[in-house]
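K.L.:
Take a look at the following structure, please.
Residue numbers (this note's numbering): 31 to 113.
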């Protein structure tokens with residue numbers, strides 16, 4: 031079994047700085063589930079950064095607005111618009 035301790039930290043700046051990202055724990059049983067967990071966390075974080083504005087979030091992450099709506103539905107992320 032591979033744990034977070036088995037994976038080295040990633041330097042996202044590509045230089046010798048101290049900006050490191052630690053792997054986040056997940057309860058996923060498969061790569062597909064882990065990818066969905068990551069996508070859900072990433073998109074929700076970006077939605078929060080953009081005050082849940084779908085258009086701004088879509089632009090920020092490089093998706094068409096309609097594709098972001100589809101992704102939110104597939105990830106079961108509820109928004110005010112989906113209520």
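Using N, Cα and C, we set each Cβ at its ideal position, and we do this for glycine too.
1. Going straight from the alpha carbon of residue 59 to that of residue 95, what length do you get?
2. Please report how far the alpha carbon of residue 65 lies from the alpha carbon of residue 72, in whole angstroms.
3. Apart from the five residues just before and just after residue 76, which ones in its own chain have a Cβ nearer than 7 Å to its Cβ?
4. For residue 96, report the span of its alpha helix (DSSP H) as first-last.
5. At what residues does the alpha helix (DSSP H) containing residue 81 begin and finish?
P.N.:
The structure says:
1. 30 Å
2. 10 Å
3. 87, 90, 91
4. 95–104
5. No alpha helix (DSSP H) contains residue 81, which DSSP labels as neither H nor E.
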